[in-house]
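Participant:
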Amino acid sequence: MDSQGNTCALRHQSLKVLHYLALHANQVVTKAELFASIWRGLNVTDDSLVQCIAEIRQALQDSKHQILKTWPRRGYSLLTSTLQAKAPQSPSEGLLPLLGRAQELQDLEHMLLDPSCRLITLLGLGGVGKSRLTKAVVNSVVQQFPEGCYFIELAAVQCADLIPGAIANVLKVSLQGQRPPLEQLQRFLAGKRVLLVLDNIEHLLPEAAVCECLLASCSGLKILTTSRQPLQVYGEWLYRLQGLKVAQQLAAAPRCAAFALFMQAARRVHYQFSPTVDDQALILEICRLVNGMPLGIEIAASWLKHLSCAEVLRELTQHLQAVNPSAAATPVSALSQVVEQTWQMLSTREQQIMQMLALFRGGFTRETASALTGAGLADYGSLIDKSILNRQPNGHYVLHEVMRHYASHSYLAEASHLTTTQRFVEYYLAKATVADAVILGGQQFASIQQLAQEHDNLRECLRLCAEAKQQSAPQLLHLGLKLVGTLGMFWFLANHWQEGDHWLARFLALHQQTPPCLAQGMALLAAGGISAVLDKHSVADHYLSIGSQLAAQFGGKVEIARSLFVLSILRRLQGRYLESVDCGQQSMRLFMDAGDEGGYQINLVNVGHALFKLGRYDEAIPLFEECISLNQKLGLTLSMPYALINLGRVNAQLQQLPAARAYLQQSVQLTEQLGVLLYRAQALCALGWLELNEGKIAPALELLQSSMTDYLHLGDREGQIAVMLGIGVAKAAQGQLNLAWQCIVVAENLAKCLKLQAFAEYPALLTAAKQRIQQGLGAHELVLQRNLGLVSKLETIFNTMLAETIAQ
324 MDSQGNTCAL
334 RHQSLKVLHY
344 LALHANQVVT
354 KAELFASIWR
364 GLNVTDDSLV
374 QCIAEIRQAL
384 QDSKHQILKT
394 WPRRGYSLLT
404 STLQAKAPQS
414 PSEGLLPLLG
424 RAQELQDLEH
434 MLLDPSCRLI
444 TLLGLGGVGK
454 SRLTKAVVNS
464 VVQQFPEGCY
474 FIELAAVQCA
484 DLIPGAIANV
494 LKVSLQGQRP
504 PLEQLQRFLA
514 GKRVLLVLDN
524 IEHLLPEAAV
534 CECLLASCSG
544 LKILTTSRQP
554 LQVYGEWLYR
564 LQGLKVAQQL
574 AAAPRCAAFA
584 LFMQAARRVH
594 YQFSPTVDDQ
604 ALILEICRLV
614 NGMPLGIEIA
624 ASWLKHLSCA
634 EVLRELTQHL
644 QAVNPSAAAT
654 PVSALSQVVE
664 QTWQMLSTRE
674 QQIMQMLALF
684 RGGFTRETAS
694 ALTGAGLADY
704 GSLIDKSILN
714 RQPNGHYVLH
724 EVMRHYASHS
734 YLAEASHLTT
744 TQRFVEYYLA
754 KATVADAVIL
764 GGQQFASIQQ
774 LAQEHDNLRE
784 CLRLCAEAKQ
794 QSAPQLLHLG
804 LKLVGTLGMF
814 WFLANHWQEG
824 DHWLARFLAL
834 HQQTPPCLAQ
844 GMALLAAGGI
854 SAVLDKHSVA
864 DHYLSIGSQL
874 AAQFGGKVEI
884 ARSLFVLSIL
894 RRLQGRYLES
904 VDCGQQSMRL
914 FMDAGDEGGY
924 QINLVNVGHA
934 LFKLGRYDEA
944 IPLFEECISL
954 NQKLGLTLSM
964 PYALINLGRV
974 NAQLQQLPAA
984 RAYLQQSVQL
994 TEQLGVLLYR
1004 AQALCALGWL
1014 ELNEGKIAPA
1024 LELLQSSMTD
1034 YLHLGDREGQ
1044 IAVMLGIGVA
1054 KAAQGQLNLA
1064 WQCIVVAENL
1074 AKCLKLQAFA
1084 EYPALLTAAK
1094 QRIQQGLGAH
1104 ELVLQRNLGL
1114 VSKLETIFNT
1124 MLAETIAQ
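Position 193 of the sequence shown, counting from 1, maps to 516 under the working numbering, and the rest follow consecutively.
1. May I ask you to report which of helix, strand or coil DSSP gives T444?
2. Are the CB atoms of L445 and L547 nearer to each other than 8 Å?
3. Using a 10 Å radius around the Cβ and a threshold of 16 neighbouring Cβ atoms, would you call R895 buried or exposed?
4. Three-state secondary structure (DSSP) at K354?
5. Quick one: what's got a C-beta closer than 7 Å to K409's C-beta in the same chain, skipping five residues either side?
6. What is the rounded straight-line gap between the Cα of G1099 and the Cα of A975?
7. So I1044 packs on L1079, CB below 8 Å; how close in whole Å?
8. Which residues mark the beginning and the end of the alpha helix (DSSP H) in which R563 is found?
9. Look at the alpha carbon of Q1005 and the alpha carbon of V1046, and state the distance between them as a whole number of angstroms.
10. If L802 and V856 are in contact, beta carbons under 8 Å, what's the gap, nearest whole angstrom?
11. To the nearest angstrom, how far is the alpha carbon of R1109 from that of Y1085?
12. Check Q473 in the structure and name its three-state DSSP category.
13. In angstroms, rounded to a whole number, what distance separates the CA positions of A1021 and M963?
14. Could you check whether the segment 925-932 touches the segment 945-955, counting it as contact only if at least three pairs of C-beta atoms, one from each stretch, sit closer than 8 Å?
15. Can you tell me whether I278 is helix, strand or coil according to DSSP?
16. Expressed to the nearest angstrom, what Euclidean distance is found between the alpha-carbon atoms of A513 and S659?
17. Report yes or no: do the segment 760-774 and the segment 713-725 share at least 3 C-beta pairs separated by less than 8 Å?
18. Looking at the unbroken beta strand (DSSP E) that takes in T691, where does it start and where does it end?
19. Between E427, D1039, K805 and S625, which has its C-alpha nearest L841's C-alpha?
20. By the three-class DSSP mapping on this structure, what secondary structure does K628 have?
21. Below 7 Å CB to CB, which residues in the same chain sit around Q908 once its five sequence neighbours on both sides are set aside?
22. Per DSSP, what kind of secondary structure is T809 in: helix, strand or coil?
23. Should the segment 528-546 be regarded as contacting the segment 441-459, the criterion being three or more beta carbon pairs within less than 8 Å?
24. Can we say the segment 522-541 touches the segment 492-502, given the rule of at least three CB pairs closer than 8 Å?
25. State yes or no: is the C-beta of E506 within less than 8 Å of the C-beta of S463?
26. Going along the chain, which unbroken runs of the alpha helix (DSSP H) with 4 or more residues stay wholly within the segment 1049-1115?
27. Output yes or no for whether 8 Å exceeds the beta carbon distance between V520 and I486.
28. Below 8 Å, how does it come out for the segment 420-428 and the segment 368-383: are there three or more Cβ pairs, yes or no?
29. Quick check on this structure: which residue in D385, M586 and V373 has the alpha carbon closest to the alpha carbon of G398?
30. Our contact map puts L1000 next to G558 with C-beta atoms below 8 Å; I'd like the distance itself, whole angstroms only.
31. Since I believe L1111 is in contact with A1053 (beta carbons under 8 Å), could you give me their beta-carbon distance rounded to a whole number of angstroms?
32. R502 and L1037 - do their beta-carbons sit closer together than 8 Å?
33. Within this structure, are the beta carbons of A623 and L573 separated by less than 8 Å?
34. Please look up how many angstroms separate the CB atoms of A846 and L827, rounded, as I've assumed it's under 8 Å.
35. I need the boundaries of the alpha helix (DSSP H) containing T548, first residue and last residue.
36. Going by beta-carbon coordinates alone, are L799 and T744 separated by less than 8 Å?
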């Protein structure tokens, strides 16, 4: 089928090529692999493959090469993320029909298809069924958004600043580098026809300006939010959702959606339930009493496992009268009474379990919850029977947000709550400590993935600690300090730089008057490392100066080794290469003395990089090779592609061009598998300059343009400078002297403003390009193009050049 869902025909050979690419979807498949698989043993030319690729693109209606992408000099990738829209349907969504929402479904479909409706807020109380209706709406319009419909659950998101990260996580967009997450998201969504569903956004208001920012910069984007209150932003369309309609006459009960929902929920816990005529009248009264609120109906129906319909109605009526005898029932009071009565029906043990479960953000496993609560299978079964807890197809448990909110505010006692919170934080601190202990070695990616899966719960721990009072909960504040120090390397390696910077600054500020300790030292080291990669070098120096002293005073060999490693990185980024080498070598010795080969190997590539910058190639090469050898022994880490890139650079400088190309191409392939944009950008840039050095201008430009795309996404300005100089050299070789001079001027001016050292890997090429430009342009034209370069932004010149290239 093509990208529009239509059936299409392909020749047998083209179909085999497509099948092989599909088996290796989202990976780069080389020409050699395709020839070996499709035409094994046959002598065919490149034209056979080119014809197959062209036929596949024509069949898929992929004229812009967005589905089947060509990677110059490397091969092809079938990008499955663009082949079908993403409907937010979990395996359990289709198990139960959506009842009584036909009109609402139709209204919302029309609104989403209206070009003037770009921001829609589905308003309603918690428990009225907003999320369920939204998923049904999206599934009905998914074909209208060819590049995807995405459902983003925001209940577990703590602050508006984390909304872009939550969206990116669902879209599988990697947020890396220095550019703010919202900007990276805007760049990704620009030009795409996408529907984003932001579920449960009310607790992030009024700070949630992300909708306005995304809609302003992404013309093809539509956003559907669910909330208990309006967003109060320009261009917002409101749709209010009420409870299900309840039949007034008994004879209409079989056609009543509220009645049908009650029966559906009742039979899930009591399959033989067959209501009498009197029971049917009681059921309608129960539905009226809860104002048709779906959550209230489902919870009340679950009581039939223990009560009769008459007893259910009596419990609800008595409780409502006890709460407010004179007031008429409203949707808020009706649902509140059901939730509160359900809470009162729990045993003390179940209430204590619920109080702990309410701390989890998002889903949780039975193993994790049991470790904290001591709950057994019978406890989970009881909570599921009461419609409080749901078990997902993936084995995770989820509390309904209304019940979670009620439980989190129903503290049995202040002392009990503090004890519960401390156990929760201590549990996740222990998990983070185990992961951090091996995060520099062969279990690096497993550790990063484990912490990423628990990121929402780790954030909740930090929030609880940061909001604790020094007088009543000093231990929680200290646990928070330990946790940010423990998460520092995770934030550093996983590119959560802005978030890590925020948490670290917050906890260091909270502990300014705290007596010096190791936890404070590790937090300072983490803050120093993240400040270094965010180009806040003076701030990093301050943090590392104090943190290194505390690590030496209170820590052991590993803590001191980590402090020296981070300092070595900072010194390299500052251009103080000799100091970087010295710190790194000290760190390596300490890591080896401590038996930590992971810490040793991560230093190898950083020290090697500093030696490379010093021109000491013979000393750098053995370090890179030892790093690769240790990765093969211990397991893959981020050091492997970094070492391959630097081996490529060194060999290029030594004029060992075949070896340089092999190392760099291997690095590109590995970084694409790992999704590490920075290293891919560096490898592509190095390959581009390598092609320039051999006079291969067209392939060099393709590589440099791909590298620039990554660098712009990352916000890495030093990388952008290196690429732009290469593009200037290429354009000079093509005779486009005006554009070449603008590229070189804008790059050199940016480097001067940032106080960066000049790009020095191919000085002869750059000098020759400048001479060609100066000889080919008159004095007046040189001044004019220089001035244009000085007043233009690097990205603007690049985008203009790229648009002209595509137009040609």
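Even glycine gets a Cβ: it sits at the ideal position worked out from N, Cα and C.
Facilitator: Taking the definition as stated:
1. strand
2. yes
3. buried
4. helix
5. Residue placement at K409 is flagged as unreliable, the pLDDT there being 49, under the threshold of 50; a coordinate-derived value is accordingly withheld.
6. Between the alpha carbons of G1099 and A975 lies a distance of about 30 Å.
7. Sure, about 7 Å apart at Cβ, within 8 Å.
8. Counting along the chain, R563 falls outside any alpha helix (DSSP H), though it belongs to the beta strand (DSSP E) covering E559 to R563.
9. 9 Å
10. Not quite, the Cβ-Cβ distance comes to about 26 Å (not below 8 Å), so this is no contact.
11. When only Cα atoms are considered, R1109 and Y1085 end up about 22 Å apart.
12. Per the sequence presented here, residue 473 reads as Tyr, with Gln not at that position. Strand, per DSSP.
13. Near 29 Å, if we compare the C-alpha coordinates of M963 and A1021.
14. yes
15. This structure cannot settle anything about residue 278, because the visible part of the chain is limited to 324 through 1131.
16. 43 Å
17. no
18. Unbroken run through T691 is the alpha helix (DSSP H), R689 to T696; no beta strand (DSSP E).
19. It is K805.
20. K628: helix per DSSP, three-state reduction.
21. V930
22. helix
23. yes
24. no
25. no
26. 1060-1076, 1086-1099 and 1102-1114
27. It is not a contact, given that the beta carbons lie outside the stated cut-off.
28. Short answer: they don't touch.
29. Selected option, being the one with the closest Cα: V373.
30. The pair is not a contact, with the Cβ atoms about 33 Å apart (cut-off 8 Å).
31. Actually they do not touch by this definition, with Cβ atoms about 19 Å apart.
32. Contact flag set, yes.
33. no
34. 6 Å
35. It is not in any alpha helix (DSSP H) - T548 instead sits in the beta strand (DSSP E) that spans L544 to S550.
36. yes
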